[in-house]
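Student: Quick one: this structure, given as structure tokens, is what I'll be asking you about.
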Amino acid sequence: MTRANPLDLSVEDFSPRTRDDKPRVDRETISQVAKDNGFHSRDAAKVEAAAAAGTPRRHRRFTTGRNQQINIKATADTIARFNKLADELGLPAGALLERAVQILEEKAKR
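The sequence shown begins at 1 in the UniProt record's numbering and counts up one residue at a time.
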């Protein structure tokens, strides 16, 4: 039993496709079909306007030497309160957490 050689083909068996195989559709037709089916354009101006409408978040960048991460699930309200308190006190989130733990430990000792 012999194996068939996949490279044993003649180049003459292949020919390039002509452009007539798949005619192009004009852009107006594509736009109309998209509009009829509820697809909207993602124009940069619309994206910028939507981004400007929301409240921008302040970036908190501190060099603190903390290198451990804690991932805690909380409600959106709790996270907002935590971030607001950190902003008001001008503390990084890690420092606020340390301070909160310290206060809770002191209360537990009483």
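Glycine included, each C-beta is placed from N, C-alpha and C at the ideal position.
So, are the CB atoms of alanine 86 and alanine 93 less than 8 Å apart?
Tutor: Walking along the sequence shown from the start, residue 86 turns up at place 86. Walking along the sequence shown from the start, residue 93 turns up at place 93. Cβ distance < 8 Å, so alanine 86 and alanine 93 count as in contact.
Student: Going straight from the alpha carbon of glutamate 12 to that of proline 6, what length do you get?
Tutor: Taking the sequence shown and counting its residues from 1, the one referred to as residue 12 is at position 12. Taking the sequence shown and counting its residues from 1, the one referred to as residue 6 is at position 6. C-alpha separation (whole angstroms): 15 Å.
Student: Taking glutamine 69 as the reference, which of Val33, Arg110, Glu98, Thr18 has the closest Cα?
Tutor: In the sequence shown, counting from the first residue as 1, residue 69 sits at position 69. Of the candidates Val33, Arg110, Glu98, Thr18, the one whose C-alpha sits nearest the C-alpha of glutamine 69 is Glu98.
Student: At least one CB of chain D closer than 8 Å to the CB of lysine 22: is that the case?
Tutor: No chain D appears in this structure, which consists of one protein chain only.
Student: Hey, could you find the ends of the alpha helix (DSSP H) valine 33 is sitting in?
Tutor: Taking the sequence shown and counting its residues from 1, one reaches residue 33 at position 33. Unbroken alpha helix (DSSP H) run through valine 33: 27-36.
Student: Taking a contact to mean a Cβ-Cβ separation below 8 Å, would you say leucine 104 touches leucine 96 in this structure?
Tutor: Indexing the sequence shown from 1 puts residue 104 at position 104. Indexing the sequence shown from 1 puts residue 96 at position 96. No. Outside cutoff.
Student: Report the residue from Gly65, Ile79, Thr64 whose alpha carbon sits nearest the alpha carbon of asparagine 71.
Tutor: Position 71 of the sequence shown, counted from the first residue, corresponds to residue 71. Of the listed residues, the one whose Cα sits closest to asparagine 71 is Ile79.
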